[in-house]
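Start counting the sequence shown at 5; every next residue gets the next number (the numbering used here).
Even glycine gets a Cβ: it sits at the ideal position worked out from N, Cα and C.
The next block holds one structure in the form of structure tokens; read it before the comments.
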Amino acid sequence: SAASDVYKRQLLLRISKKVNVEGKDIEIMLQSLHVHNFALIEDAKVTFTPGLNVFTGETGAGKSILIDAFGIVLGARASAGMVRSGTEGFWVQAVFDGAADARIETLLQEQGIEAEESLFLKRQVTAAGKSQSSINGVQVPLSVLKKFSSLLVDIHGQHENQALLQPQTPRELVDSFGGQETQNAVAVYKEVYQAFCAAQAKLDALERQGSDRERLLDRLAWEIQEIEAAGLKPGEEEDLRREAKVLQHSGKIMEALHASHTELDREGGALEHLAEVREQLSCALRYDEQLQPLYEEADSAWIAADDLRSRLSDLLDRGGLDEARDVQVQERLDLLYRLQKKYGAGEETVLAYLATAREQYEALQNLEAGISKAKQEVQIAFSHLEKAGTVLTKVRKKYAEQLCAGVVRHIRDLAMPDGRFSIGFQAKETFGEIGRDQMEILFSANLGEPLRPLAQVASGGELSRLALALKTVLTDLNSVGTMVFDEIDTGVGGVTAQKMAEKMALIAQRGQVLCITHLPQIAAFADRHIQIRKEAEQGRTVTHLDVLGQAGRVEELMRMTAGDHVTEAARNTAKELLAAAEKCKTQGFDTARQ
5 SAASDVYKRQ LLLRISKKVN VEGKDIEIML QSLHVHNFAL IEDAKVTFTP
55 GLNVFTGETG AGKSILIDAF GIVLGARASA GMVRSGTEGF WVQAVFDGAA
105 DARIETLLQE QGIEAEESLF LKRQVTAAGK SQSSINGVQV PLSVLKKFSS
155 LLVDIHGQHE NQALLQPQTP RELVDSFGGQ ETQNAVAVYK EVYQAFCAAQ
205 AKLDALERQG SDRERLLDRL AWEIQEIEAA GLKPGEEEDL RREAKVLQHS
255 GKIMEALHAS HTELDREGGA LEHLAEVREQ LSCALRYDEQ LQPLYEEADS
305 AWIAADDLRS RLSDLLDRGG LDEARDVQVQ ERLDLLYRLQ KKYGAGEETV
355 LAYLATAREQ YEALQNLEAG ISKAKQEVQI AFSHLEKAGT VLTKVRKKYA
405 EQLCAGVVRH IRDLAMPDGR FSIGFQAKET FGEIGRDQME ILFSANLGEP
455 LRPLAQVASG GELSRLALAL KTVLTDLNSV GTMVFDEIDT GVGGVTAQKM
505 AEKMALIAQR GQVLCITHLP QIAAFADRHI QIRKEAEQGR TVTHLDVLGQ
555 AGRVEELMRM TAGDHVTEAA RNTAKELLAA AEKCKTQGFD TARQ
């Protein structure tokens, strides 16, 4: 069929011409989604194709439930309340075909996961609320699952429309659109900003010191004098503690010395016995010269014992405890304890504190010169910051103009022929981490109306069209293979719906798109049309997913356009929508409209 031929051409295009991201080819798109026991879905598996994959169905059939399940396998918040009642838990698995992206390969290597032809992401949640994530069968933390999913899928829901109203959005859009040039300008600015902050912090610290200068000088002078007066020496405390131990046990020491002296010196004592041994060996030596070594040993022993007796006698003559010295040692130890309690344990630490205090004292004496120098450094850093900020603003304004021009072209093609879109710039009073630019989206949908802040003038439908226009402009910058649009067509109908459908199809030509829609105009452009329906089976509600063929698509488009009023005219209208969409895809959008 013609539709089959178109699909084949698109598939061949994507196989032969891969998307390029930072010099790396990628070809990762969603292949299938399998949902089990999630909310109203008992078990459903659906496969996807490149191009535009559209979900349609009655309100409440479960279209958003399916996207919620997809979000959960990508790392979104999950709860036990999502488990189908009466079951032990749910699981969702998403399979992506191909893993040639260098970023994915790097993540797989970091996690020790073997690369396969397909990439399998799975999330399980029990009825008790316990969650488990895995990639290619290997269990991983949820944070890792999110890293992978951020490189695979971009989900755009209705809350993303509201994100256009957030203050940071225009800057994020412009910086993203500006690509490498903006990134470079931001990187240079941040480096200069950090240097300025460091210079300012140094000046602030010096000025705080200046306000307390006299007090700090007095304190440091006292500390320096106190430590210097102590005359500390490394290792002194250990020597003092050893001496204190001797002094404290001097009584026991003197008692032992006296007993030792007595044993050597008394009649019949050790010295007298050694003298007798020496005398006997001397007698024996007269008859046997071989006893000379024994005699010499005995003589040496007597001499050593006699020397020991003399030294013991000297020690005993000096007396016992030197009370004055004991007091000196204890006072010195007390001084060391007080100093170490104030300035740090150990003499080396106290002496290091002394060196630092001297440096601080000298610096405070020269504080005025230091403050003056720091002020000059701040002025120089601020001058560099102004230059970097000016360059960043210039780059942002250049790309903001280009971005707005692209958006205007698309919104005028989305039934807003007089629409205007601009990003206003104002300079903040102070520089911040990301620049000085206060940016605001300005919008006007009607001829003669002035540009005003987007939040004040845009309706829900206009926000949807603006969001789609931005997505279209930024498509080439998108580094993911799959984009999801969850009812982005809210508040849109008529001719605008046709224009929006063409934009969706245009985006789908450059990558895979999944879209939930209520508009037959968008559904007619589907490369794969999936109907979601809800039925009662065995007393329970079950959600089913069906991939529609040509006849099924006609029936579904009839339902979407005419409801229950099935007429030949409605059937012809559905067929005409499909034919017109097919013409756009085969002959080009501009040619099809002529």
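Which complete alpha helix (DSSP H) runs does the segment 48 to 98 hold, if anything under 4 residues is left out? 67 to 77
Spatial distance of G464 from E46 (CA atoms): As a first step, residue 464 must be located in the sequence shown, where it is residue number 460. As a first step, residue 46 must be located in the sequence shown, where it is residue number 42. Approximately 34 Å, taken between the alpha carbons.
Assuming the contact rule is C-beta atoms closer than 8 Å, I427 and H160 should be a hit. Round their C-beta distance to whole Å, please. Here residue 427 is taken as the residue at index 423 of the sequence shown, counted from 1. Here residue 160 is taken as the residue at index 156 of the sequence shown, counted from 1. With a Cβ gap of about 20 Å, I427 and H160 do not count as contacting.
Alpha carbon to alpha carbon, how far is Q344 from T353? Give it in angstroms, no decimals. Your numbering for residue 353 matches position 349 in the sequence shown. Your numbering for residue 344 matches position 340 in the sequence shown. Cα-Cα distance, rounded: 8 Å.
So, at 8 Å on beta carbons, what are the nonlocal neighbours of A80 in its own chain, with the 5 sequence-adjacent residues on each side left out? In the sequence shown, counting from the first residue as 1, residue 80 sits at position 76. For A80, where only same-chain residues beyond five positions count, the Cβ hits under 8 Å are D72.
Taking its Cβ as the centre, do 16 or more other Cβ atoms sit within 10 Å of Q502, making it buried, or is it exposed? Residue 502 sits at position 498 when you count from the first residue of the sequence shown. Buried, since its Cβ has 16 or more Cβ neighbours within 10 Å.
What does the Cβ neighbour count give for K126, buried or exposed, with the cut at 16 atoms within 10 Å? Position 122 of the sequence shown, counted from the first residue, corresponds to residue 126. With 16 or more Cβ atoms within 10 Å of its Cβ, K126 is classed as buried.
Thinking Q535 and E560 are a contact (beta carbons under 8 Å), I'd like their distance in whole angstroms, please. Position 531 of the sequence shown, counting from 1, holds the residue named residue 535. Position 556 of the sequence shown, counting from 1, holds the residue named residue 560. Yes, they are in contact, since the Cβ atoms of Q535 and E560 sit about 6 Å apart, within 8 Å.
Within this structure, are the beta carbons of R107 and N41 separated by less than 7 Å? The residue you call residue 107 lines up with position 103 of the sequence shown. The residue you call residue 41 lines up with position 37 of the sequence shown. No, they are not a contact pair.
Reference F200; option with closest CA among V77, L37, A392, T571: One-based indexing of the sequence shown puts residue 200 at position 196. Checked all of V77, L37, A392, T571; the closest Cα to F200 is A392.
3-residue-minimum beta strand (DSSP E) runs that sit fully inside the segment 544 to 591, ordered along the chain: Those beta strand (DSSP E) runs which fall completely within the segment 544 to 591 and span 3+ residues are 544 to 551.
Report, in whole angstroms, the separation of the C-beta atoms of Y605 and A225, which I expect to be a contact under 8 Å. Here the chain comprises residues numbered 5 to 598, so residue 605 is not present and cannot be evaluated.
Proximity of R270 and W306 at Cβ, strictly below 7 Å: Within the sequence shown, the letter at position 266 stands for residue 270. Within the sequence shown, the letter at position 302 stands for residue 306. Contact: no.
Using the C-alpha atoms, what's the distance from E185 back to H548? For the purposes of this step, residue 548 is taken as the residue at position 544 of the sequence shown. For the purposes of this step, residue 185 is taken as the residue at position 181 of the sequence shown. C-alpha separation (whole angstroms): 48 Å.
When the Cα atoms are used, what is the spatial distance from L582 to V517? Residue numbering aside, residue 582 sits at position 578 when the sequence shown is read from its first letter. Residue numbering aside, residue 517 sits at position 513 when the sequence shown is read from its first letter. Their backbone Cα atoms lie some 18 Å apart in a straight line.
Option in R342, E433, L285, S468 with minimal Cα separation from M420: On the sequence shown, position 416 is the one that residue 420 refers to. Checked all of R342, E433, L285, S468; the closest Cα to M420 is S468.
Between the beta-carbon of V39 and the beta-carbon of V96, is there less than 7 Å? On the sequence shown, position 35 is the one that residue 39 refers to. On the sequence shown, position 92 is the one that residue 96 refers to. For V39 and V96, yes; Cβs fall inside 7 Å.
Fully enclosed by the segment 399 to 423, which alpha helix (DSSP H) runs are 4 residues long or longer? none
Within its chain, find whatever has a CB closer than 7 Å to the CB of E539; leave out the 5 residues flanking it on each side and keep chain order. Within the sequence shown, numbered from 1, the residue matching residue 539 stands at position 535. V546, H548, listed in sequence order.
Skipping 5 residues on each side, what residues in its chain have a beta carbon closer than 6 Å to that of L298? Position 294 of the sequence shown holds residue 298. Same-chain partners within the cutoff: L285.
For T130, which beta-bridge partners are listed by DSSP? The residue you call residue 130 lines up with position 126 of the sequence shown. Note: T130 sits in a beta bridge opposite G93.
Out of N450, I445, L451, E466, state which residue places its alpha-carbon closest to the alpha-carbon of P457. Counting from 1 along the sequence shown, the entry for residue 457 is found at position 453. Nearest option by C-alpha distance: I445.
Give the single residue among E118, V190, K49 whose Cα lies nearest to the Cα of K398. Counted from its first residue, the sequence shown places residue 398 at position 394. Considering only alpha carbons, the answer is V190.
Coil, strand or helix - R217 by DSSP: Start at 1 with the first residue of the sequence shown, and residue 217 comes out as number 213. DSSP places R217 in helix when its eight states are reduced to three.
Determine, using beta carbons only, whether V148 and I117 come nearer to each other than 7 Å. Numbered from its first residue, the sequence shown carries residue 148 at position 144. Numbered from its first residue, the sequence shown carries residue 117 at position 113. Cβ atoms of V148 and I117: not closer than 7 Å.
What are the boundary residues of the alpha helix (DSSP H) that Y507 is part of? Reading the sequence shown from its first residue, position 503 is the one you call residue 507. Checking the displayed sequence, the identity of residue 507 turns out to be Lys instead of Tyr. K507 -> alpha helix (DSSP H) spans 498 to 512.
Within this structure, are the beta carbons of R416 and S448 separated by less than 7 Å? Within the sequence shown, residue 416 is the residue found at index 412, counting from 1. Within the sequence shown, residue 448 is the residue found at index 444, counting from 1. Not in contact: R416 and S448 (Cβ atoms no closer than 7 Å).
Between the Cα of H522 and those of T565, E227, D441, C408, spot the shortest distance and give me the residue it belongs to. Position 518 of the sequence shown, counting from 1, holds the residue named residue 522. The candidate whose alpha carbon is nearest that of H522 is T565.
How many Å lie between T394 and A98 at the Cα? Here residue 394 refers to the residue found at position 390 when the sequence shown is read from its first residue. Here residue 98 refers to the residue found at position 94 when the sequence shown is read from its first residue. C-alpha separation (whole angstroms): 46 Å.
Per DSSP, the bridge partner or partners of D158: Here residue 158 refers to the residue found at position 154 when the sequence shown is read from its first residue. DSSP output for D158 lists M487 as bridge partner(s).
My guess is that L599 and F152 are in contact by the Cβ rule of under 8 Å, so how many angstroms apart are they, rounded? This structure cannot settle anything about residue 599, because the visible part of the chain is limited to 5 through 598.
Span separating the alpha-carbon of E506 from that of D208: Mapped onto the sequence shown, residue 506 falls at position 502. Mapped onto the sequence shown, residue 208 falls at position 204. When rounded, the distance between both Cα atoms is 59 Å.
Measure the C-alpha to C-alpha separation of A528 and A585 and round it to an integer number of angstroms. As a position in the sequence shown, residue 528 is number 524, starting the count at 1. As a position in the sequence shown, residue 585 is number 581, starting the count at 1. CA-to-CA, the gap between A528 and A585 works out to about 6 Å.
Straight-line CA distance for K346 to E437? Along the sequence shown, one-based indexing puts residue 346 at 342. Along the sequence shown, one-based indexing puts residue 437 at 433. Distance between the alpha carbons of K346 and E437 is about 41 Å.
My output table needs one value for K538: the three-state DSSP class, helix, strand or coil. Along the sequence shown, one-based indexing puts residue 538 at 534. Judged by DSSP in its simplified three-state form, K538 adopts strand.
Determine whether the beta carbon atoms of L268 and A309 lie at a separation below 7 Å. Here residue 268 refers to the residue found at position 264 when the sequence shown is read from its first residue. Here residue 309 refers to the residue found at position 305 when the sequence shown is read from its first residue. Contact annotation: L268 and A309 have beta-carbon atoms nearer than 7 Å.
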